[in-house]
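*Asks:* Chains as they are written, first to last, in the UniProt record's numbering: chain L, 1 to 190; chain S, 1 to 190. We put the CB at the ideal spot given by N, CA and C, even for glycine. The structure displayed is predicted, hence computed values, not measured ones. So that we are looking at the same thing, I have put the structure below in C-alpha cells.
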DNA sequence: CCATTTGCCTAAACCCTTTAGGCAAATGCA
DNA sequence: TGCATTTGCCTAAAGGGTTTAGGCAAATGG
C-alpha cells in the first residue's frame, strides 16, 4: 500500500487550512486524518496529541504574522509604520480567521518562549521609535497598541461591528488616526 | 430515589462556576452531571445541547458584567466613569476567567440580540457624554474603548504581561490616563 | 539483496454527546 | 385521602473524538 507522506509540518499546515475553512474548533486529529485519507492512529507518529496539533497551528500563525509584520515595517516609520503593522493583523485575521483564532491560544510558558511572540512586541516597539516616548511609557504604549490591534480585530471577527453604521473600515482608519495623535501627545505622568 | 432538583438556571450557574474553576473548555455536560451526581442524560431535559449550555453561560456573564457596569457608572462621569467601567471588565475577568472566556463566544444573531450586548455599548456611549465627541467620532470612540478593554484584559489573562516590568497595573493606569487625554483631544478629520 | 528502520494499519479502551424509552416521585384534582 | 397526570431522573445504545499497543509492509542503506 502506497504511503501518504505525512510529516508533522504538513499536518500542521493542513490543520491550519482546516481551521481557516471550518473554524479552529473544528480542528481535530480525526478530521485531519480524513483529509489525508488515512487512519487516525497514523497521525500519532507525527503528533504527540491533539493539543500538540493546536499548539503547532498557533506557532505557525504567530510566525506567519511576524513575517508579514517584518515585511510591512521595512522602510516605514511613524504613522506610516503604525498603519502598516495594524493592517497586517487585521488583514491576516480576515484572510485566515482559523489561524488567527489559533494564535490566541494560551500557550505553555515553554511554547510561548519558543514562539514568535517576542518578535511581535519588538515590532511594536520599533514603531514607537518614530514617536518621542521613553520608558516606562514606551512599554505602556506597546501594551496599548497590542490591546487595540488584538481587541479590534477580535471584536470585528466575532461580528461586533457588522450591521451597524458607520462602516468598520471607517472606524479602523479613525482609530489609527487617533492612536497616532495620542502617541505624538502622550500625557505626562499624572 | 430523591430528585436532584435540576433546573436550567441552576445548571447554567453551576456551569459558570465550573468554567471559573477549571477553564471554559472544561465545561461539558458530563462534568456538570458529575457535579450534580446525576446521570448525563438527565441534563438533557433542561438543556437542548452542550452548545446551549455554553451559550447560557455566555449570556449570564454578559448580564453580570452589564449589571456591574451599571452600578459602577451610577453617579460618575468623565474620566471617573471611564476608569470605573474599565475596571469592571478587568476585575470581572480576573475574578471570573471562565465566565469572561464564555462571554467571548461568537453568538448566533438571535442569541446576540437577546443578550446584554447592547447594554454594554450603551454604557460605553454614556461615558462619552462626558467628552465632547459628535457622530461619527463617538461611534469610533465606542469601538476603540471596547477594543482596548477587551484586548487588554484578554492579553493580560493569557499571560502576555506577566513576568515583565513594569507591572500590569501600572500600564493599565497609564493607558486609561492616555485614553482620557485622547478623548479630550480627539483629532479632527484628516 | 537482505536487515533495519519507518510508516501506516488494526484493535481496543476511554470519554463526551445525544436520543429513545421506562419507572417512580411529585403534583393536582376530586 | 386516593387516583391520574405530569415531571424528573434513569438505563440503554449509537456515534464520534482521543490515545496507546502491537503488527505488517514499504522504504532505506550497507
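List, in order along the chain, the chain S residues whose C-beta lies closer than 7 Å to that of residue 161 of chain L?
*Replies:* 143
*Asks:* Work out the CA separation of residue 42 of chain S and residue 91 of chain L for me, nearest whole Å.
*Replies:* 45 Å
*Asks:* So the alpha helix (DSSP H) residue 18 of chain S belongs to, where does it begin and stop?
*Replies:* 8-22
*Asks:* Could you check if residue 120 of chain S belongs to the surroundings of the ligand FMN, using beta carbon to heavy atom distance under 7 Å?
*Replies:* Summarising the ligand content, the structure contains no ligands, and the ligand FMN is consequently not present.
*Asks:* For a cutoff of 8 Å on Cβ pairs, would you count residue 88 of chain L as touching chain S?
*Replies:* With 8 Å as the cut-off, residue 88 of chain L does not count as an interface residue toward chain S.
*Asks:* How far does the alpha helix (DSSP H) with residue 172 of chain S in it reach, from first residue to last?
*Replies:* 168-184
*Asks:* Ordered along the chain, which non-local residues of its own chain (more than five positions away) have a Cβ less than 6 Å from that of residue 76 of chain L?
*Replies:* 84
*Asks:* Classify residue 113 of chain S as buried or exposed, calling it buried when 16 or more other Cβ atoms lie within 10 Å of its own Cβ.
*Replies:* Its Cβ having fewer than 16 others within 10 Å, residue 113 of chain S is exposed.
*Asks:* Run through DSSP, which three-state label would residue 94 of chain S get?
*Replies:* helix
*Asks:* Round the Cβ separation of residue 191 of chain S and residue 38 of chain S to the nearest angstrom and send it over; I've been treating them as touching at under 8 Å.
*Replies:* Nothing about residue 191 of chain S can be read from this structure; chain S reaches only from 1 to 190.
*Asks:* Whole angstroms are fine: how far does the CA of residue 62 of chain L sit from the CA of residue 61 of chain S?
*Replies:* Rounded to the nearest angstrom, the two C-alpha atoms are 30 Å apart.
*Asks:* Does the segment 142-155 of chain L touch the segment 110-130 of chain S, meaning 3 or more C-beta pairs lie closer than 8 Å?
*Replies:* Put simply, the segment 110-130 of chain S does not touch the segment 142-155 of chain L. Fewer than three CB pairs are less than 8 Å apart.
*Asks:* By how many angstroms is the C-alpha of residue 144 of chain L removed from the C-alpha of residue 169 of chain L?
*Replies:* Straight-line Cα distance between these residues: approximately 20 Å.
*Asks:* Would you tell me roughly how many angstroms separate the C-alpha atoms of residue 48 of chain S and residue 55 of chain S, rounded to the nearest one?
*Replies:* 11 Å
*Asks:* Taking 8 Å as the CB-CB cut-off, is residue 187 of chain S touching chain L?
*Replies:* yes
*Asks:* Quick one: what's got a C-beta closer than 8 Å to residue 4 of chain L's C-beta in the same chain, skipping five residues either side?
*Replies:* 36, 37, 38, 42
*Asks:* Less than 8 Å between CB atoms is the rule here; does residue 175 of chain L satisfy it with respect to chain S?
*Replies:* yes
*Asks:* Going by the beta-carbon positions, is the gap between residue 120 of chain S and residue 66 of chain S smaller than 8 Å?
*Replies:* yes
*Asks:* Using a Cβ cut-off of 8 Å (strictly closer), state whether residue 96 of chain L contacts chain S.
*Replies:* no
*Asks:* What's the C-alpha gap between residue 93 of chain S and residue 8 of chain S?
*Replies:* 24 Å
*Asks:* From residue 107 of chain S to residue 137 of chain S, what does the alpha carbon distance come to, in whole angstroms?
*Replies:* Put simply, the backbone Cα of residue 107 of chain S is about 27 Å away from that of residue 137 of chain S.
*Asks:* In chain S, which residues lie less than 8 Å from residue 5 of chain L when you measure between Cβ atoms?
*Replies:* Simply none; closest approach about 32 Å.
*Asks:* Under a three-way DSSP split, which group does residue 161 of chain S fall into?
*Replies:* coil
*Asks:* Can you tell me whether residue 23 of chain L is buried or exposed? The criterion is at least 16 other CB atoms within 10 Å of its CB, across all chains shown.
*Replies:* exposed
*Asks:* Could you check the C-alpha separation between residue 96 of chain L and residue 135 of chain L for me, to the nearest Å?
*Replies:* 35 Å
*Asks:* Spatial neighbours of residue 6 of chain S within its chain, please: C-beta separation below 6 Å, excluding the five flanking residues on both sides.
*Replies:* 46
*Asks:* Can you have a look at residue 86 of chain L and say buried or exposed, based on whether 16 or more other CB atoms are within 10 angstroms of its CB?
*Replies:* Residue burial annotation: residue 86 of chain L is buried, with at least 16 other C-beta atoms found within 10 angstroms of its C-beta.
*Asks:* Would you kindly work out how many angstroms separate the C-alpha atoms of residue 16 of chain S and residue 32 of chain S, rounded to a whole number?
*Replies:* 10 Å
*Asks:* Where do the N-terminal and C-terminal ends of the alpha helix (DSSP H) with residue 74 of chain L fall, by residue?
*Replies:* No alpha helix (DSSP H) contains residue 74 of chain L, which DSSP labels as neither H nor E.
*Asks:* Once you ignore the five residues that flank residue 89 of chain L on each side, which residues in its own chain have a CB closer than 6 Å to its CB?
*Replies:* 149, 153
*Asks:* Compute the Euclidean distance between the alpha carbons of residue 79 of chain L and residue 51 of chain L, then round it to the nearest angstrom.
*Replies:* 39 Å
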